Amino acid sequence: MSKDNLMNNADENATAREQLIDAASQIMREGDTIDLSLSELSLRAGLNSALVKYYFGNKNGLMLALLERDMTKIVRSLDSLIAKSMTAEEKLRLHIGAVIDTYYQYPYLNRLLMRMVRDNAPADAQKIADQYLKPISAAYATLVNDGVKDGTLRPIDPQLFYFTVTGASDRFFTARQVLQHCFDQPDISEEMRDKYREHTIELIMRGILA
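Just so you know, we're using full-length UniProt numbering here: the sequence shown kicks off at 1 and counts up by one.
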């Protein structure tokens with residue numbers, strides 16, 4: 001096989017793999033769920049469901065690949081944020097806003113993360129923690145400690161702060177049924193997301209500023 005053919009096959013494989021991951025993400029976002037069937041996935045991706053086994057081993061492997069795609073973006077963005085020449089307060093405001101935007105785009109993310117940690121073998125759960133949760137926790141500790149040192153933040157527990165930010169961000173975007181039945185709001189619009197972003201940033205930051 002020529003070099004060009006090998007490259008074309010590699011591109012096709014990468015494209016098909018990404019299509020399956022994207023399709024899974026879309027189904028879970030639109031359905032406000034972390035469950036999907038292979039037949040639904042096949043229909044959405046326009047690919048044979050047997051490719052799930054080929055690329056990922058099984059559906060759980062697909063979910064792990066989706067988690068890797070989404071969580072890697074978060075870890076990289078945090079690393080980039082910490083490296084910026086800004087105050088800790090400015091960084092945290094940007095980060096909280098980015099978390100809100102992430103959960104708006106991927107409302108399933110925290111539920112998927114918790115399921116993968118809970119349902120996978122202990123070694124796999126530990127790998128997830130080592131790859132994503134520990135780096136995020138370390139970044140939070142750095143941001144909080146920097147803010148305490150420069151006098152902009154009062155001393156707080158970085159671990160509890162992580163759960164505060166995650167909980168405030170995740171809960172809103174997984175409450176579409178509550179919005180629909182209690183507030184006659186069928187979905188979360190971009191305008192509503194923006195209002196919630198501003199609200200959450202101010203609520204959290206006013207609670208931790210020195």
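Just so you know, even glycine gets a beta-carbon here, dropped at the ideal spot from N, CA and C.
On a predicted model such as this, the values are computed, not experimentally measured, just so you know.
- Around the beta-carbon of Ser85, fewer than 16 other beta-carbon atoms lie within 10 Å, marking it exposed.
- Inclusion of Val52 and Tyr132 in the CB contact set at 8 Å is not warranted, their separation being larger than that value.
- CA-CA distance, Glu191 to Leu78, rounds to 25 Å.
- Taking the Cβ atoms as the reference, Leu66 lies roughly 5 Å from Ala24, within the contact range of under 8 Å.
- DSSP places Leu153 within a strand segment (E or B) once states are collapsed to three.
- Rounded to whole angstroms, the gap between the alpha carbons of Pro107 and Arg29 is 6 Å.
- Proximity to Ile136 across Arg115, Val117, Thr166, Arg193 peaks at Thr166, based on C-alpha coordinates.
- Ranking Ala141, Ile204, Pro186 by CA distance to the CA of Ile82 puts Ala141 first.
- Taking the C-beta atoms as reference points, Ile208 is found no nearer than 8 Å to Ile96.
- Put simply, the backbone Cα of Thr152 is about 33 Å away from that of Ile128.
- Here Phe173 is near Tyr103, since their CB atoms are less than 8 Å apart.
- For the stretch 103–189, the continuous alpha helix (DSSP H) assignments of 4+ residues that do not extend past its boundaries occur at 109–119, 122–128, 134–149, 158–173, 176–183, in sequence order.
- Between Ile100 and Arg197, the beta carbon gap of about 4 Å places them in contact (Cβ cut-off 8 Å).
- If you look at Asp70, you'll find it in the alpha helix (DSSP H) that goes 59–83.
- Secondary structure of Leu209 (DSSP, three-state): strand.
- The criterion of a C-beta distance shorter than 8 Å is not satisfied by Ala98 and Arg154.
- The beta carbons of Asn110 and Asp170 sit closer together than 8 Å.
- Taking C-beta atoms as the reference points, Met63 and Met116 count as a pair closer than 8 Å.
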